[in-house]
Each structure stands twice: as structure tokens, then as C-alpha cells.
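Q: Residue numbers (our numbering): 251 to 332. Backbone N, C-alpha and C fix where the C-beta goes; we use that ideal spot for every residue, glycine too. Just so you know, these numbers come straight off a predicted model, no measurement behind them.
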Amino acid sequence: MPEKKCYFCGGTIKKKKVRVDYRWGNELTILENVPAWVCNQCGEKYFDTEVAKKMERLAKAKEKVKKSINVSIKEFGKVKAS
Ligand SMILES: [Zn+2]
Numbered sequence: 251m252p253e254k255k256c257y258f259c260g261g262t263i264k265k266k267k268v269r270v271d272y273r274w275g276n277e278l279t280i281l282e283n284v285p286a287w288v289c290n291q292c293g294e295k296y297f298d299t300e301v302a303k304k305m306e307r308l309a310k311a312k313e314k315v316k317k318s319i320n321v322s323i324k325e326f327g328k329v330k331a332s
């Protein structure tokens with residue numbers, strides 16, 4: 251990535267290892283230690299093209315699962331405050 255500024259807020263972006271929640275259809279894969287460029291102001295993440303491609307490959311690969319957790323999706327708006 252040649253541009254070292256955040257596209258949204260103009261903040262400085264730095265290379266970091268991050269956790270990515272990757273959605274592929276109905277499958278959610280959590281990828282750990284992904285090298286990303288992270289904005290120090292708004293936290294927006296940017297990925298190099300090769301990294302993005304590898305994330306997609308990894309998310310679709312069934313055999314590389316390190317561990318599994320159960321993920322529940324809940325609609326926050328339907329929850330009544332008591
Ligand atoms: Zn930003």
C-alpha cells in the first residue's frame with residue numbers, strides 16, 4: 251500500500267497484526283494474526299492485495315481450522331431493556 255494515510259479520516263496507518271471476522275456467505279471465520287494497515291485514529295483496517303486473497307482462500311479452506319467456537323447472531327433492536 252503506497253498511501254500511508256487513512257482514506258476516511260486522514261489519520262496515520264500502521265502495520266499491525268489483527269484479528270479479522272471474515273464472512274463468507276453464511277460462514278464466519280475468525281482469522282488471527284493477519285497483517286493489516288490500521289488507522290490510529292478511527293481504527294479502519296486496510297489489507298494488501300495478497301493478504302486479502304490469502305484471507306479469502308483461508309476462509310474457504312475447510313481443513314485449516316485451528317479451533318471452533320459457537321457464534322450466535324442476535325438482533326440488538328429486539329432486546330427490551332429492563
Ligand atoms: Zn482513519
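With distance defined between alpha-carbon atoms, name the residue in N276, E294, D298, L308 nearest to Q282.
A: Here the sequence assigns Glu to residue 282, which means Gln is not the residue at that position. Here the closest residue by C-alpha is L308.
Q: So with Cβ pairs under 7 Å, would you call W287 a contact of chain C?
A: You won't find chain C in this structure, because it holds only one protein chain.
Q: Per DSSP, which residues does T299 bridge with? Please list them.
A: DSSP lists no partner for T299.
Q: Is F297 near ligand 1, judged by its Cβ being under 6 Å from some heavy atom?
A: no
Q: Just mark A302 as buried or exposed, buried being the case when its beta carbon has 16 or more other beta carbons within 10 Å.
A: exposed
Q: If you follow the beta strand (DSSP E) that E282 is in, where does it begin and where does it stop?
A: 277–289
Q: Check each residue's C-beta against every heavy atom of ligand 1 and list, in chain order, those closer than 6 Å.
A: By the rule of a C-beta closer than 6 Å to any heavy atom of ligand 1, the residues picked out are C256, F258, C259, G261, C289, Q291, C292, E294.
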